[in-house]
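S.K.: Below you will find the structure I want to go over with you.
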Amino acid sequence: MGRIFSLLDCNNFYVSCERLFNPRLADRPVVVLSNNDGCIIARSNEAKKLGIGMGEPFFRCRRLIEAHRVEVFSSNFPLYGDISRRVMELLGQLEPEVEIYSIDEAFIRLPASSPAKLLINGRNIRDAIGRQVGIPVSIGFGPTKTLAKIANRIAKKETEHEGVFLLPEQGLDDLLATVAVDDVWGIGPRSAARLATRGIHTALALKNADDGWLRRHLGITGLRVAMELRGVSCLPLVSAPPAGKSIASSRSFGRPVTALADLREALSSYVSLAAAKLRHQRQKTGALQIYLADNLFSADHGRQVDGMAVNLTQPTSDTPELISRAAAVLERLYRPGRSYRKVGVVLLDLSPACQAQPSLFQPPLREREELMGALDRINRRWGRDTIHSAANGLAKNWKNKQSRKSPAYTTSWHELPVVV
DNA sequence: TCTGGGGTCCTAGGACCC
DNA sequence: TCTGGGGTCCTAGGACCC
């Protein structure tokens, strides 16, 4: 008996989360902005219809938004993360083989059965999540992950399917002929341009393309996409996520920054965030990379990013130690007079904390680890940043804009919704 | 004036070794 | 005159994803 893949995708996820606690938003055009209130990262169907594009810079569609009184929110990731957890937990109760693929998507693997039974199963999942969490989802079925993705798109776009769609065996090619090649999962703009030079514009044409040519021009990944379109499953379900390999933390500044002191404060804050995440994952880092970026969209000289990585002699998850190492690297990268738009840190070479090899010359400081543990507990209980390193600064005049944020309804005691 | 943030995998090329 | 070949490891950059 074969198996079948299904992709569950939350519709307009961030917008749906905002609507959950704000019924006034139902049926209204709503958008959610990226971290710096920079561009559009989620749109309700009404907003899509107005022609607001995904990833579009906010300032460029501002007039359209004002003209149609579109509701605008800064992103509220603690809220979205919490709602996501509820969706995934419920799905895990309904289906045994689930891979959480992203904040708003999960793959499911099921035994093949009749189309009618699969559709009923899909509708049950959709109804349960709608009823118990309040988030609308779409579900697509297909013989491979890539085909399930395509089925999901159809489930979402063609309303007559009511959110659940199974790719038909008969007439599949006709359907693939209607899917643009850059809508196929794994085909980005670069690959699409390459494929266009060969006259390949649809998923069907990619499916029938020459393997040798694909291997040469799109690499092993491109060939794999074609195989998946042919129904040959190359991408397995990954139910237990492997340990992470890197942790990044960065933000764009609210305005250009030139002073080393400001950069140091911002960097310390991001290092603190990354280190807390590292400890939460029970890992230590063996290397860190710092980078500085100037104007990311300058027409004349393009974007300039200076980065530098250092290896640590001994893996650590100690915030003060990481802050001081990061500050030393920053000082070497910094050029006076340059105006910077972004600074960031990446922790690399992660390893499980329990496997850490103590150094002969510098035994692990038990008290320091306990201190970090206490810090994490306090910040978890009383809110992030209750206690932080003085290096992170207090003025924070580099801090980015987030002027339209909704409350952390479900994750902060201070911001619980009030029923009157 | 104003353009996010956090990830993964693949590949080519250099360093190094025998 | 004539200057090997193959393997491994590491890294930076590219491409893609949500």
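Read in order, the letters of the first sequence are residues 232 to 651 in the numbering used here. Using N, Cα and C, we set each Cβ at its ideal position, and we do this for glycine too.
Is the beta carbon of A474 closer than 9 Å to that of P583?
M.R.: Their beta carbons are under 9 Å apart, which means P583 touches A474 by this criterion.
S.K.: Give the DSSP-derived three-state secondary structure of M603 in the structure shown.
M.R.: Note: M603 maps to helix in three-state DSSP.
S.K.: May I ask which residues mark the beginning and end of the alpha helix (DSSP H) holding I360?
M.R.: 346-363 is the span of the alpha helix (DSSP H), which, as asked, contains I360.
S.K.: Let me know the secondary structure DSSP gives Y311 once reduced to three states.
M.R.: Helix.
S.K.: Suppose you measure from the CA of G450 to the CA of S344; what does that come to, to the nearest Å?
M.R.: Those two C-alpha atoms are separated by around 35 Å.
S.K.: Which runs of the beta strand (DSSP E) at least 3 residues long sit entirely within the region 498-531? Give them in chain order.
M.R.: Counting whole runs of 3 or more residues, the region 498-531 contains the beta strand (DSSP E) stretches 514-524.
S.K.: Which same chain residues end up closer than 6 Å to T489 when comparing Cβ atoms and leaving out the 5 residues on each side of it in sequence?
M.R.: Taken in chain order, the residues that qualify are S570.
S.K.: Provide the residue span of the beta strand (DSSP E) that contains L578, from first to last.
M.R.: 571-583 is the span of the beta strand (DSSP E), which, as asked, contains L578.
S.K.: Using CA atoms only, rank isn't needed, just tell me which of P374, S315, F372 is closest to G361.
M.R.: Of the candidates P374, S315, F372, the one whose C-alpha sits nearest the C-alpha of G361 is S315.
S.K.: Would you tell me roughly how many angstroms separate the C-alpha atoms of R274 and F372, rounded to the nearest one?
M.R.: Straight-line Cα distance between these residues: approximately 25 Å.
S.K.: Name, in chain order, the residues that DSSP records as bridge partners for C241.
M.R.: Beta-bridge pairing links C241 to V368.
S.K.: Check the C-beta distance from S436 over to V412 and give it rounded, since I have them as a contact under 8 Å.
M.R.: Going by the sequence as given, residue 436 is Ala instead of Ser. About 7 Å separates the two Cβ atoms, so the contact holds.
S.K.: Could you give the first and the last residue of the continuous alpha helix (DSSP H) run that contains R566?
M.R.: Looking at the DSSP string, R566 is not in any alpha helix (DSSP H), and its letter there is neither H nor E.
S.K.: Would you call the CB atoms of Q514 and L466 closer than 9 Å?
M.R.: No, Cβ-Cβ distance for Q514 and L466 is not below 9 Å.
S.K.: When you compare the region 278-291 with the region 602-621, are there three or more beta-carbon pairs, one atom per stretch, that lie closer than 8 Å?
M.R.: Contact between the region 278-291 and the region 602-621 is absent, because fewer than three Cβ pairs lie under 8 Å.
S.K.: What number of angstroms, rounded off, separates the C-alpha of G614 from the C-alpha of Y245?
M.R.: Their Cα atoms are separated by approximately 22 Å.
S.K.: Who are the near neighbours of K508 in its chain, counting only those whose CB is closer than 6 Å to its CB and skipping five residues on each side?
M.R.: I478, listed in sequence order.
S.K.: Would you grab the beta carbon distance between S470 and E328 for me? Rounded to a whole angstrom, and I think it's under 8 Å.
M.R.: Confirmed, about 6 Å.
S.K.: Which same chain residues, not among the five before or five after S499, have their C-beta less than 8 Å away from its C-beta?
M.R.: Cβ within range, chain order: I554, A557, A558, S620, A622, N623, G624.
S.K.: Any idea what DSSP makes of N266, helix, strand or coil?
M.R.: Of the three classes helix, strand and coil, the one that applies to N266 here is coil, per DSSP.
S.K.: Which residues share a DSSP beta bridge with T547?
M.R.: DSSP, once it has assigned bridges, lists T516 as partnering T547.
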